[in-house]
Amino acid sequence: MKMLALMHTIFQQDRPRSQSLQQDPLGMLDQHPVFDLPLESQDAGRQWTVIRKEASPSFGRVPSNTLSRIISRFASNLDSDKNSNFQLPWNFGPFLEDVPRRLGRNAALDASAEAVMAAYVAFRTRGGGDPDRNDALCLNSYGRAVNALRACLNDDRASSSETLCSTLMLLIVETLSGLDKGKILSHAGGAAGILKARGAVKSKNEFEDKILLSLRGPVIMHALFTQEPIFTNREWEALVINPMEGHGVDGRVLRVAALLPNLLLNTRSAFAQSRIDYVKLIDVHGHLRELHTAHALSRREVVARFEEIDTREASTSALPVQTMIFHSHYARQVAVTLAYEIMLCLLLSTICSAPPPPHLMDSDGFPWSPTVDPFIYLDQVGASSKYLSDLGDRVTAHRPLGTIYMTFVLRVAHVAAPTETAKARIIAQLHDFASDMGVPTAKIDSELQQLGEYLTLRDVRGWRPGKVHPEEAPTGSSNGRYQDPGGYRESAKVVPEASS
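At position 20 of the sequence shown (counting the first as 1) the number is 20 in the UniProt record's numbering, and the numbers step up by one without a gap.
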């Protein structure tokens, strides 16, 4: 397939520079198709013959005429010769190219394929045509797909490749439809549950390799916002190491990111006590510093790779199609890498804002200085935030589908912005990119403060890193012990040491 050939080109071209391909925290990539071109009748018939010949017995098989229409429509929107604006496999993953020949054997996959096409039509025609009708068709097909998936999860099809794929396809539907972020994360969590129930985060075949390549980012994002560990560190490693990409820089970025959820849970647990658990906090601090060093090396490589291709032409739109694809991918990887670096540095700055425990009068042997270290990390956070904001002006040629990651990374950049002027600029950019995806701006504004408090642990400790020490916070009691302003809060679950 053209997409796999292009991916192979990326892997081989960049391998001397430890390069590889992967998907972002939201599981999306970039490119652009011919919109809903009908297949020639003989092509559609050939596709259907292959399906009928190769398919295993189907559960709840859709009528043959409906399935033929789904196959035809799906295949016609997989053109990988186009640029980054609308193309589906380059935005969401190469597994989509394998979907047509797998239709007809799993009701959940059939229904989710139809839902993806309905959502794609609604997305392409947003602002014109009959948007109400398209949205209604999208919601109806989405409802059928959810019901079909629910049925598959209740029997022996739950662990099949097709069921796992349909879960990821529903995530795509929700992304294209601008639906609630919580629903998107919940389907990522559902996919994680399927993987967990199978007993090992290993692929069964090449099709699952492609699915996991796209699924890693959403699962990591889901894990960052849960109160219980999803995988052990070894299970995370098994999930993010993918045979399709080797050991390049994109994979290294994901391997660092995959360790963040458990470290975040342990940090929150250490701070959630009435007195800080310094034993746990010092252990987490050591792991985070190691990750920070490794991630900084990857970040330099990712940024240099993007800057080199971005300066080839005065205008991005003047780039040849294949170079445009590389530009889109490299920009996306820069954005994801910097977003993870911001989260990593915010966590370190929060930890380093904690003063030495009272019994350590001499803090020379303590692993951080609360008057120095937090500001080192916050300076890095501010620089990364500015780069992300500047990047927003450099990737507009890839809108709308080729920049879907910006609605996430700009949220993180806003948390890290050092000044009100910088925050205002990012909010304006965020509103602009969100309009491509049909996300209400009021909803974004309400989420920004919550995200900031969560990533800086202010929702647990009541203070912002580098601003005020816990015993100086207005929520401290007369005896100096910190009191959670929200009252009783259940501690986050701790990841056992044996599972790391």
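Even glycine gets a Cβ: it sits at the ideal position worked out from N, Cα and C. As the structure is a prediction and not an experimental result, all values here were calculated from the model.
Please identify the residue among the options whose C-alpha is closest to the C-alpha of residue i.
i           : options                           : result
Leu338      : Tyr387, Ser369, Ala304 and His431 : Tyr387
Met343      : Leu260, Phe326 and Thr419         : Leu260
Ala223      : Asn266, Phe306, Asp393 and Gly286 : Asn266
Leu347      : Ala119, Leu401, Ile444 and Tyr377 : Tyr377
residue 535 : Asp310, Ile211 and Val249         : Coverage of the chain is limited to positions 1 through 500, which leaves residue 535 absent and any answer about it impossible.
Arg443      : Val395, Ala158 and Thr407         : Reading off the sequence, residue 443 comes out as Lys, not Arg. Among Val395, Ala158 and Thr407, the Cα nearest to that of Lys443 belongs to Thr407.
Gly248      : Glu97, Arg305 and Tyr142          : Arg305
Val439      : Glu174, Gly143, Asn147 and Arg133 : Glu174
Ser385      : Met324, Leu291, His285 and Ile427 : Ile427
Ala111      : Ala136, Cys152, Asp445 and Arg133 : Cys152
Gln450      : Ser389, Val412, Ile172 and Pro243 : Val412
Asp373      : Arg289, Ala314, Met324 and Ala188 : Arg289
Gly217      : Thr350, Ala188 and Leu195         : Ala188
Asp379      : Asn147, Asn154, Val336 and Pro418 : Pro418
Leu281      : Arg268, Asp445 and Ser274         : Arg268
Pick helix, strand or coil for residue i, following the three-state DSSP scheme.
i      : result
Pro229 : coil
Phe366 : coil
Leu259 : coil
Gln87  : coil
His247 : coil
Val372 : coil
Lys280 : helix
Lys210 : helix
Ser161 : helix
Gly93  : coil
Ala118 : helix
Ala272 : coil
Thr167 : helix
Asn154 : coil
Asn266 : helix
Gly104 : coil
Val99  : coil
His457 : Here residue 457 is Leu; the residue named in the question, His, does not match the sequence. Coil.
Gly217 : helix
Ile172 : helix
Arg124 : helix
Lys386 : helix
Lys196 : helix
Asn147 : helix
Gly189 : helix
Ile71  : helix
Asn134 : helix
CA-CA distance, residue i and residue j?
i      : j      : result
Glu206 : Ala416 : 39 angstroms
Ile276 : Ala270 : 6 angstroms
Arg101 : Val302 : 35 angstroms
His359 : Arg461 : 21 angstroms
Ser352 : Leu457 : Note on residue identity: the sequence assigns Cys, not Ser, to residue 352. Each residue's alpha carbon lies about 12 angstroms from the other.
Val253 : Gly246 : 13 angstroms
Ser435 : Ala113 : 25 angstroms
Asp283 : Asn233 : 15 angstroms
Leu29  : Glu420 : For Leu29, the predicted structure reports a pLDDT of 27, less than 50, and the residue's modelled location is therefore unreliable. A value from the coordinates is still provided. Rounded to whole angstroms, Leu29 to Glu420 spans 31 angstroms at the Cα level.
Glu308 : Ile241 : 27 angstroms
Leu213 : Leu170 : 16 angstroms
Pro25  : Pro356 : Its pLDDT being 27, under 50, Pro25 is placed unreliably by the model, and the measurement read from it follows with that caveat. When rounded, the distance between both Cα atoms is 35 angstroms.
Ala115 : Ala145 : 7 angstroms
Ala354 : Trp236 : 29 angstroms
Gln23  : Met221 : Reliability of the predicted coordinates at Gln23 is poor, the pLDDT of 33 falling under 50, and the value obtained from them is presented with this limitation in mind. Looking at the two C-alpha atoms, the distance is approximately 12 angstroms.
Tyr278 : Ser76  : 58 angstroms
Met297 : Phe225 : Reading off the sequence, residue 297 comes out as Leu, not Met. In a straight line, the C-alpha of Leu297 is about 26 angstroms away from that of Phe225.
Ala197 : Phe95  : 22 angstroms
Ala272 : Asp459 : 10 angstroms
Thr441 : Ser72  : 36 angstroms
Can you tell me the Cβ-Cβ gap for residue i and residue j, rounded? I've got them flagged as a contact below 8 angstroms.
i           : j      : result
Ser166      : Ala108 : 4 angstroms
Tyr405      : Arg332 : 5 angstroms
Asn106      : Thr163 : 6 angstroms
Ser84       : Gly402 : 4 angstroms
Ile211      : Leu168 : 6 angstroms
Pro89       : Leu78  : 6 angstroms
Leu410      : Gln429 : 6 angstroms
Ser317      : Ala257 : No, Ser317 and Ala257 are not in contact; Cβ-Cβ is about 31 angstroms, not under 8 angstroms.
Phe92       : Arg124 : Not really, about 15 angstroms apart at Cβ, beyond 8 angstroms.
Ile230      : Ala192 : 5 angstroms
Ser161      : Glu208 : 5 angstroms
Val334      : Leu264 : Not a contact, Cβ separation roughly 23 angstroms.
residue 501 : Cys138 : Residue 501 falls outside the range modelled here, since the chain spans only 1 to 500, and no answer is possible.
Pro389      : Arg425 : In the sequence as displayed, the identity of residue 389 is Ser instead of Pro. That pair is a contact at about 6 angstroms.
His285      : Pro367 : 6 angstroms
Is the shortest distance between the beta-carbon of residue i and the beta-carbons of chain D less than 8 angstroms?
i      : result
Arg198 : This model lacks chain D altogether; it includes just one protein chain.
Alpha helix (DSSP H) runs contained entirely in the region 304-359, provided each spans 4 or more residues: Counting only runs of 4 or more, we get 321-352.
In chain order, what are the residue ranges of uninterrupted alpha helix (DSSP H) at least 4 long that sit wholly in the region 391-445? The region 391-445 is shown to contain whole alpha helix (DSSP H) runs of 4 or more residues at 406-416 and 420-436, in chain order.
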